[in-house]
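Novice: Handing you this structure, nothing more for now.
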Amino acid sequence: IQIALVDLLTLIGIQPDGIVGHSIGELACAYADGTVTLEQTMLIAYFRGDSLISAKLEPCTMAAIGLSWEEAKKICPSDIIPACNNSIDLITVSGPIESLQTFMKKLKSKNIFAKLIDSCGFAFHSKYIAASESKLRASLDGIMSNFKPRSAKWISTSVPEAAWNTPIAQFSSPAYFVNNLLSPVLFREAITHIPENAVTIEIAPHGLLQAILHRSLPKTVAKISLQKRDHINNLAFLLSNI
């Protein structure tokens with residue numbers, strides 16, 4: 077769906093001045109940036125899932141919690157990993173199921189928001205999926221021998237801004253996508269680069285990030301979603317928002 081939406085926007089002349097992706101959304105960034113082909117985009121997504129399944133990882137889970145990144149780093153137990161820095165007061169954590177459930181109960185007892193996320197049993201963006209790295213890297217090496225440089229339009233959420241000039245951040249490469257899977261999602265930091273007069277378009281099967289964008293970005297920023305889960309007519313929804 078993301079590929080189709082990128083192609084549709086391109087067809088009608090809508091070109092991005094900037095591109096930001098959340099987690100695997102950076103794969104759509106790569107396609108929109110012209111650094112991977114349609115076939116490569118689909119294969120990277122497939123190999124990402126295949127490497128996780130093949131690794132036979134310990135069952136884990138993820139949860140959204142109502143804390144800042146800084147607060148979470150201070151109070152998370154050693155086996156609970158801050159995984160996605162979504163906004164100033166909402167992050168995602170990864171960890172073993174039982175431990176995370178215990179941590180959530182503690183948070184709720186203090187009236188702090190905590191909700192499990194259906195992550196298909198994986199603790200994305202944490203050490204708990206590190207065993208998938210070697211197979212994913214080998215698979216991507218087989219389809220990305222001549223990788224392209226990332227353009228300045230693409231704002232990374234998997235490499236800290238302080239490291240944007242390092243080799244791993246320069247190219248849309250196997251190393252970049254492996255790092256994307258294993259490293260924290262720095263979405264909150266990335267969207268600070270969105271101008272106050274921007275028009276943002278969420279390219280996804282559902283506007284999952286709309287709530288975060290509305291909380292985090294100035295009111296002067298237009299926030300548009302192109303698809304809505306369970307909408308009676310998503311074609312009409314798309315056209316009305318374009």
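Heads up: the sequence shown begins at 77 in the working numbering, then just goes up one per residue.
Beta carbons are placed, not taken as given, at the ideal position from N, Cα and C, and that holds for glycine.
In whole angstroms, give me the CA-to-CA distance for L87 and L302.
Specialist: Position 11 of the sequence shown holds residue 87. Position 226 of the sequence shown holds residue 302. If I take the Cα positions, the gap works out to 15 Å.
Novice: According to DSSP, simplified to helix, strand and coil, what is A140?
Specialist: Here residue 140 refers to the residue found at position 64 when the sequence shown is read from its first residue. Strand.
Novice: Quick check: the segment 240-252 against the segment 131-146, are there 3 or more CB pairs under 8 Å?
Specialist: The segment 240-252 vs the segment 131-146: no contact.
Novice: Bridge partners for L192 per DSSP, in chain order?
Specialist: What you label residue 192 is simply residue 116 of the sequence shown in a count that begins at 1. The partner list for L192 (beta bridge, DSSP) reads A139.
Novice: In the DSSP assignment, the alpha helix (DSSP H) including I151 goes from what residue to what residue?
Specialist: In the sequence shown, the residue the question calls residue 151 occupies position 75. Its alpha helix (DSSP H) spans residues 145-151.
Novice: Across which residues does DSSP place T276 in a beta bridge pair?
Specialist: Within the sequence shown, the letter at position 200 stands for residue 276. Looking at the DSSP assignment, T276 forms a beta bridge with K299.
Novice: Is the CB-CB distance between P225 and I173 below 8 Å?
Specialist: Position 149 of the sequence shown, counted from the start, is the residue given in the question as residue 225. Position 97 of the sequence shown, counted from the start, is the residue given in the question as residue 173. Contact: no.
Novice: Quick one, are the C-beta atoms of P92 and A104 less than 8 Å apart?
Specialist: As a first step, residue 92 is located in the sequence shown; it is residue number 16 there, counting from the start. As a first step, residue 104 is located in the sequence shown; it is residue number 28 there, counting from the start. Not closer than 8 Å, so no.
Novice: Mind reading off the beta-carbon distance from S144 to D165? Whole number of angstroms is fine, and I expect it under 8 Å.
Specialist: Taking the sequence shown and counting its residues from 1, the one referred to as residue 144 is at position 68. Taking the sequence shown and counting its residues from 1, the one referred to as residue 165 is at position 89. Going by Cβ atoms, the distance from S144 to D165 rounds to 6 Å, so yes, they are a contact pair.
Novice: Identify which residue in A80, Q116, A214, A106 has its Cα closest to the Cα of V232.
Specialist: Locating residue 232 in the sequence shown gives position 156, where the first residue counts as 1. Checking the sequence shown, residue 232 turns out to be Ser, not Val. Of the candidates A80, Q116, A214, A106, the one whose C-alpha sits nearest the C-alpha of S232 is A106.
Novice: Is the CB-CB distance between I156 and I188 below 8 Å?
Specialist: Reading the sequence shown from its first residue, position 80 is the one you call residue 156. Reading the sequence shown from its first residue, position 112 is the one you call residue 188. Not closer than 8 Å, so no.
Novice: Relative to the C-alpha of G283, which residue among K304, S170, N310, F313 is closest?
Specialist: On the sequence shown, position 207 is the one that residue 283 refers to. When each option's Cα is compared against that of G283, the closest is K304.
Novice: Looking at the structure shown, is K229 part of a helix, part of a strand, or coil, going by DSSP?
Specialist: Here residue 229 corresponds to residue number 153 of the sequence shown, with the count starting at 1. Coil at K229, not helix or strand.
Novice: What first and last residue would you give for the beta strand (DSSP E) that runs through V169?
Specialist: For the purposes of this step, residue 169 is taken as the residue at position 93 of the sequence shown. That run of the beta strand (DSSP E) goes 166-172.
Novice: Which value, in whole angstroms, describes the spacing of the CA atoms of M118 and I79?
Specialist: Residue 118 sits at position 42 when you count from the first residue of the sequence shown. Residue 79 sits at position 3 when you count from the first residue of the sequence shown. Distance between the alpha carbons of M118 and I79 is about 9 Å.
Novice: Could you tell me whether the segment 238-248 touches the segment 207-214, using the rule of 3 or more Cβ pairs below 8 Å?
Specialist: Touching, no, given that fewer than three Cβ pairs across the two stretches are closer than 8 Å.
Novice: Whole angstroms is fine: what's the gap from A287's alpha carbon to Y122's?
Specialist: Stepping through the sequence shown from its first residue, residue 287 is reached at position 211. Stepping through the sequence shown from its first residue, residue 122 is reached at position 46. Whole-angstrom Cα-Cα distance: 28 Å.
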